[in-house]
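A quick write-up on the structure given underneath.
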Amino acid sequence: MNETRKAVISVLGTDKKGIIAQVSRILYENDANILDITQTIVSGLFSMILIADVSAEDGAFDTLKTELDALADRIGVQIRTQRSEIFEAMHQI
Amino acid sequence: MHMINTSEILETLNMIDHQKLDVRTITMGISLLSCVTDDEDRLAKNIYDLITRRAEKLVAVGQAIERDFGVPIVNKRISVTPAALVTGAIKNPVKVARALDAAAKATGVDFIGGYSALVHKGMTEADRRLIESIPEALSETDFLCSSVNVGSTRAGINMDAVRLMGEVVKQTAANTAGNGGLGCAKLVVFCNAVEDNPFMAGAFHGPGEGDCAVSVGVSGPGVVKVALEGVKGAPFDEVAETIKRTAFHITRVGQLVAREASRRLQVPFGIVDLSLAPTPAVGDSVAAILEEMGLEICGTHGTTAALALLNDAVKKGGVMASSHVGGLSGAFIPVSEDIGMIQAAEKGALSLEKLEAMTCVCSVGLDMIAIPGDTSAETIAAIIADEAAIGMVNNKTTAVRVIPAPGKVVGDSVEFGGLLGHAPVIPVRQFSAAQFIHRGGRIPAPLHSLRN
Numbered sequence: 001m002n003e004t005r006k007a008v009i010s011v012l013g014t015d016k017k018g019i020i021a022q023v024s025r026i027l028y029e030n031d032a033n034i035l036d037i038t039q040t041i042v043s044g045l046f047s048m049i050l051i052a053d054v055s056a057e058d059g060a061f062d063t064l065k066t067e068l069d070a071l072a073d074r075i076g077v078q079i080r081t082q083r084s085e086i087f088e089a090m091h092q093i
Numbered sequence: 001m002h003m004i005n006t007s008e009i010l011e012t013l014n015m016i017d018h019q020k021l022d023v024r025t026i027t028m029g030i031s032l033l034s035c036v037t038d039d040e041d042r043l044a045k046n047i048y049d050l051i052t053r054r055a056e057k058l059v060a061v062g063q064a065i066e067r068d069f070g071v072p073i074v075n076k077r078i079s080v081t082p083a084a085l086v087t088g089a090i091k092n093p094v095k096v097a098r099a100l101d102a103a104a105k106a107t108g109v110d111f112i113g114g115y116s117a118l119v120h121k122g123m124t125e126a127d128r129r130l131i132e133s134i135p136e137a138l139s140e141t142d143f144l145c146s147s148v149n150v151g152s153t154r155a156g157i158n159m160d161a162v163r164l165m166g167e168v169v170k171q172t173a174a175n176t177a178g179n180g181g182l183g184c185a186k187l188v189v190f191c192n193a194v195e196d197n198p199f200m201a202g203a204f205h206g207p208g209e210g211d212c213a214v215s216v217g218v219s220g221p222g223v224v225k226v227a228l229e230g231v232k233g234a235p236f237d238e239v240a241e242t243i244k245r246t247a248f249h250i251t252r253v254g255q256l257v258a259r260e261a262s263r264r265l266q267v268p269f270g271i272v273d274l275s276l277a278p279t280p281a282v283g284d285s286v287a288a289i290l291e292e293m294g295l296e297i298c299g300t301h302g303t304t305a306a307l308a309l310l311n312d313a314v315k316k317g318g319v320m321a322s323s324h325v326g327g328l329s330g331a332f333i334p335v336s337e338d339i340g341m342i343q344a345a346e347k348g349a350l351s352l353e354k355l356e357a358m359t360c361v362c363s364v365g366l367d368m369i370a371i372p373g374d375t376s377a378e379t380i381a382a383i384i385a386d387e388a389a390i391g392m393v394n395n396k397t398t399a400v401r402v403i404p405a406p407g408k409v410v411g412d413s414v415e416f417g418g419l420l421g422h423a424p425v426i427p428v429r430q431f432s433a434a435q436f437i438h439r440g441g442r443i444p445a446p447l448h449s450l451r452n
């Protein structure tokens, strides 16, 4: 297997039951290991940033992104799935 | 390696969502030198086949990178060898123009550049045929961009070419009068043109380049503007530092995208162009950065100094973020493509003369400026000559992209649509330069061209 590939998943929306459960379930089903989670609720607004290892298999990122996009539509929150390189490139030398 | 922290992630997301951080373009440069033949139809076919093969996956790869990293990539473009270099043995270069446009449509790119000639010292017959065909080529195509280099610090200014370009700009406006002279928005007259510029309308794949390369042009005036909001009233040392830090972040994204595009397309990485390229959208304006520095409106006294600082700090911040920096690299000041510039021109704060002064310290030149439709070819040529002189003497790239909007007078507005925006028609001097332009010949290179 090549180097660790990480995805950054950011979730933003009105707080409701089961957001974390449903996001992490999709990650589990796609063999993605959660490395870090930060989560807060400010005046009813749910915000979570989750970093996951998606290097388990080729194409894992694409499937994960598609499923999380579908979940976002279903439960009405914004979910963004991005490869971690953009953040690393911007903030690390 | 440390784990990326939440505030860094939020900062990046904020830049993309609210400050219009984007990658303006991934541009694939393709050499057409292997296509040469003296059979017109054959040449057109060779060019079409080569481009559609090399750039087959360009748009798809651009979209995939956009999706993976969550950063918008606004345009995908192609630049090619200056067409005059491959049309020497044929009569009608417009056939090549049509082939280039067809290849752009087939690959799905936004623009294709390189209907160009490099005539800074002299003009071959092929150069002349190509230049004279520009009005027809631009009126018969949709995505084609054209550029002509009429001067350089090393060679001086080819005033015969300058005179001819005045006429070509005028004729191009006439041929595209139905669209406000839109053809002129796709035509740039350069001094010291660069061979690896990924930005339109002036992109071409220079003769010193290899078979194929991908380059990236970054953007992000909104990010710089917001960063400067944090240092209100601070001395310029802090302003410069803030711009440098921001430019570094922006350029790192460009470098990442360029590296990924190069890897996925299996084409060598060319350069990252460190430019601040505005769009007509609110919050994506270079003028707004200058105003944030404390100017009531862009174009007032102090604007040139503010732009000089901005242009320099963008380069200093960006240069360490990329392994190869090139292209035009600096701040762009296209009037119609920048909402702050448009407003400044409408209020009369921004004149042609002030814009000319600003081009001494920014990355390019007089860009996307609408002038009255009855401006003579000689006056346009004289505007080009002035701008080329600034480039020649100051060892920098300068360019003229003016639109003598057919039937329009000062105070009217011209709409180009999309990224090209709209422009108020601004006045030019009413006194003649015709005798000056009709002298022809060459303005000698300045003394400091002798650097060996």
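Chains as they are written, first to last, in the working numbering: chain A, 1 to 93; chain B, 1 to 452. For every residue, glycine included, the Cβ atom is placed at its ideal position computed from N, Cα and C. Note that this is a predicted model, so its numbers are computed, not measured.
Sub-9 Å separation of residue i and residue j beta-carbons
i	j	result
T81 of chain B	G217 of chain B	no
V272 of chain B	T246 of chain B	no
S376 of chain B	S432 of chain B	yes
S79 of chain B	N197 of chain B	yes
T12 of chain B	F87 of chain A	yes
G459 of chain B	A203 of chain B	Only positions 1 to 452 of chain B appear in the structure, and residue 459 of chain B is not among them; the question remains open.
T304 of chain B	C360 of chain B	yes
A287 of chain B	G222 of chain B	no
I49 of chain A	T38 of chain A	yes
R414 of chain B	G180 of chain B	Here the sequence assigns Val to residue 414 of chain B, which means Arg is not the residue at that position. Against a cut-off of 9 Å, the Cβ pair of G180 of chain B and V414 of chain B comes out as a contact.
L459 of chain B	G330 of chain B	With chain B covering 1 to 452 only, the question about residue 459 of chain B has no answer from this structure.
A155 of chain B	A445 of chain B	yes
I4 of chain B	V23 of chain A	no
F199 of chain B	L276 of chain B	no
Among the options, the one whose alpha carbon lies nearest that of residue i
i	options	result
N149 of chain B	B:D142, B:F143, B:I157	B:I157
F190 of chain B	B:K57, B:A381, B:G417, B:R451	B:A381
A55 of chain B	B:L309, B:L355, B:A213	B:A213
K396 of chain B	B:I369, B:C362, B:A423	B:C362
Q430 of chain B	B:I383, B:K105, B:D412	B:I383
M392 of chain B	B:M341, B:M320, B:S449, B:D284	B:S449
F236 of chain B	B:A313, B:A370, B:L33, B:R259	B:A313
Q255 of chain B	B:T242, B:K244, B:F269	B:F269
S133 of chain B	B:P93, B:I30, B:R451	B:P93
E66 of chain B	B:G208, B:L21, B:A126, B:Y115	B:L21
T141 of chain B	B:L33, B:L100, B:A64, B:G88	B:L100
L130 of chain B	B:D41, B:Y115, B:E356	B:Y115
Y48 of chain B	B:A83, B:A89, B:G70	B:A83
R442 of chain B	B:K121, B:R24, B:I30	B:K121
D374 of chain B	B:T87, B:A89, B:K170	B:K170
S84 of chain A	A:V54, A:G76, A:I93, A:A21	A:V54
Backbone CA spacing between residue i and residue j [nearest angstrom]
i	j	result
C35 of chain B	D62 of chain A	39 Å
V425 of chain B	T279 of chain B	19 Å
A70 of chain A	I16 of chain B	22 Å
A185 of chain B	K316 of chain B	30 Å
G166 of chain B	D68 of chain B	46 Å
T6 of chain B	Q78 of chain A	17 Å
L10 of chain B	V364 of chain B	34 Å
A104 of chain B	V59 of chain B	11 Å
S336 of chain B	R77 of chain B	21 Å
V119 of chain B	L164 of chain B	11 Å
A240 of chain B	I19 of chain A	43 Å
V194 of chain B	A385 of chain B	18 Å
Q435 of chain B	D38 of chain B	39 Å
I34 of chain A	K6 of chain A	10 Å
G206 of chain B	D367 of chain B	22 Å
I51 of chain A	D36 of chain A	5 Å
V324 of chain B	R259 of chain B	Per the sequence presented here, residue 324 of chain B reads as His, with Val not at that position. Approximately 11 Å between the Cα atoms of the pair.
V61 of chain B	E229 of chain B	36 Å
G440 of chain B	P372 of chain B	25 Å
L144 of chain B	V410 of chain B	29 Å
L85 of chain B	L33 of chain B	8 Å
Supposed contact pair residue j and residue i - C-beta distance, whole angstroms, cut 8 Å
i	j	result
A173 of chain B	I437 of chain B	Actually they are not in contact, since the Cβ atoms of A173 of chain B and I437 of chain B sit about 18 Å apart, beyond 8 Å.
A349 of chain B	I289 of chain B	The pair is not a contact, with the Cβ atoms about 16 Å apart (cut-off 8 Å).
K95 of chain B	E40 of chain B	5 Å
S215 of chain B	G29 of chain B	7 Å
Short CB-CB distance (under 9 Å) between residue i and chain C
i	result
V11 of chain A	Considering every chain present, this structure includes no chain C. Its protein chains are A and B.
Notebook entry, point to check: Taking a cut of 7 Å between CB atoms, which residues from the segment 34-68 of chain B lie near chain A?
Noted result: Listed by position, the residues of the segment 34-68 of chain B near chain A (Cβ gap below 7 Å) are D68.
Interface positions of the segment 34-56 of chain A facing chain B (Cβ-Cβ less than 8 Å), listed along the chain: Cβ contacts with chain B: L35, D36, T38, I49, I51.
Using a beta-carbon distance cut-off of less than 8 Å, what residues from the segment 230-255 of chain B approach chain A? For the segment 230-255 of chain B, which is checked against every Cβ of chain A, the residues closer than 8 Å are H249, R252, V253, Q255.
- Message: Please identify, using Cβ separations under 9 Å, the residues of the segment 57-91 of chain A that lie next to chain B, in order along the chain.
- Response: Contacts with chain B (Cβ-Cβ distance below 9 Å) from the segment 57-91 of chain A involve F61, D62, K65, R80, T81, Q82, R83, S84, E85, I86, F87, E88, A89, M90, H91, listed in chain order.
> Listed in chain order, which residues of the segment 379-406 of chain B have Cβ atoms closer than 9 Å to some Cβ of chain A?
Replying inline: In summary, no residue of the segment 379-406 of chain B has a CB separated from any CB of chain A by less than 9 Å.
Can you list, in chain order, the residues of the segment 3-33 of chain B whose Cβ is nearer than 7 Å to any Cβ on chain A?
-> So the close ones are M3, I4, T6, E8, I9, T12, L13.
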